[in-house]
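*Asks:* Those letters in the sequence shown? Residues 1 to 185, by the numbering used here.
Would you mind keeping the following structure in view while I ask a few things?
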Amino acid sequence: MATVLSVSGSPSATSRTARLLRHLDGRLVAQGHEVVPLDVRTLPAEALLGADFRHPAIIEATELVARADGVVIGTPVYKAAYSGLLKSLLDLLPQYALVGKTVLPLATGGSTAHVLAIDYALRPVLSSMGAAHIVQGWFTLDQDIAVGADGALTVAPGPAEALAQVVDRFSQALGVRTALLAPTG
Numbered sequence: 001m002a003t004v005l006s007v008s009g010s011p012s013a014t015s016r017t018a019r020l021l022r023h024l025d026g027r028l029v030a031q032g033h034e035v036v037p038l039d040v041r042t043l044p045a046e047a048l049l050g051a052d053f054r055h056p057a058i059i060e061a062t063e064l065v066a067r068a069d070g071v072v073i074g075t076p077v078y079k080a081a082y083s084g085l086l087k088s089l090l091d092l093l094p095q096y097a098l099v100g101k102t103v104l105p106l107a108t109g110g111s112t113a114h115v116l117a118i119d120y121a122l123r124p125v126l127s128s129m130g131a132a133h134i135v136q137g138w139f140t141l142d143q144d145i146a147v148g149a150d151g152a153l154t155v156a157p158g159p160a161e162a163l164a165q166v167v168d169r170f171s172q173a174l175g176v177r178t179a180l181l182a183p184t185g
């Protein structure tokens with residue numbers, strides 16, 4: 001079906017955001033999509049903070065975005081906005097890097113006070129980058145995400161169902177877009 005780039009904008013190696021994305025990646029793979037994970041925290045800090053557009057890791061990240069049919073963007077919410085780490089990557093991508101892409105924004109945070117961060121902070125940036133379709137995103141409270149001693153992720157039942165529906169709508173939008181762009185024989 002489609003190629004999906006799954007981007008985690010969390011600076012933490014033990015991030016609930018990244019674990020949630022990898023969990024949701026599994027759902028997309030089960031629906032027939034190829035998923036490529038990208039944890040922004042693994043990119044060289046000096047390249048991100050120094051705006052080194054020519055650094056091989058930044059070039060590779062840019063190429064991953066270019067090759068993707070869809071992009072899932074996950075971020076923890078800090079100070080009512082998406083992470084600075086994610087911002088540093090978005091700033092290095094070409095202005096219209098998301099043209100023709102279907103995008104799913106996801107966020108995690110400690111309080112429902114941050115629930116609008118997707119619509120008021122992240123969505124405008126994604127839109128300005130030319131995303132063809134930004135599906136309805138989802139905010140998940142940190143308290144609804146549990147990581148077991150074995151590393152297994154569990155999402156509380158209500159949020160888990162809502163996330164499944166959001167991911168399914170994204171998958172469906174990808175399928176429609178991919179079918180529209182497929183060459184006719």
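Using N, Cα and C, we set each Cβ at its ideal position, and we do this for glycine too.
Between Phe139, Thr62 and Ile145, which lies nearest to leucine 92 when the distance is taken from Cα to Cα?
*Replies:* Among Phe139, Thr62 and Ile145, the Cα nearest to that of leucine 92 is on Thr62.
*Asks:* Hey, is the region 153 to 163 in contact with the region 119 to 131, meaning 3+ C-beta pairs nearer than 8 Å?
*Replies:* Counting Cβ pairs under 8 Å, fewer than three are found: no touch.
*Asks:* If isoleucine 73 sits next to proline 94, beta carbons under 8 Å apart, how far is it from one beta carbon to the other, in whole angstroms?
*Replies:* Contact doesn't hold; Cβ gap of about 16 Å is too wide.
*Asks:* Whole angstroms is fine: what's the gap from proline 76's alpha carbon to alanine 146's?
*Replies:* About 15 Å.
*Asks:* Does the distance from the C-beta atom of leucine 189 to that of valine 71 stay below 8 Å?
*Replies:* Because the chain in this structure spans residues 1 to 185, residue 189 falls outside the shown range and cannot be described.
*Asks:* Distance check for serine 12 and serine 88, CA to CA, integer angstroms please.
*Replies:* Between serine 88 and serine 12, the C-alpha separation is close to 15 Å.
*Asks:* Compute the Euclidean distance between the alpha carbons of alanine 173 and leucine 48, then round it to the nearest angstrom.
*Replies:* Those two C-alpha atoms are separated by around 31 Å.
*Asks:* Please state whether the Cβ-Cβ distance between valine 167 and leucine 28 is less than 8 Å.
*Replies:* Yes, the pair counts as a contact, with Cβ atoms nearer than the cut-off.
*Asks:* Taking 6 Å as the limit between beta carbons, can you name the residues of its chain near histidine 33, skipping five residues before and five after?
*Replies:* Excluding positions up to five away in sequence, the list reads Met1, Ala2 and Val4.
*Asks:* Go ahead and pull the three-state DSSP assignment for threonine 42.
*Replies:* Helix.
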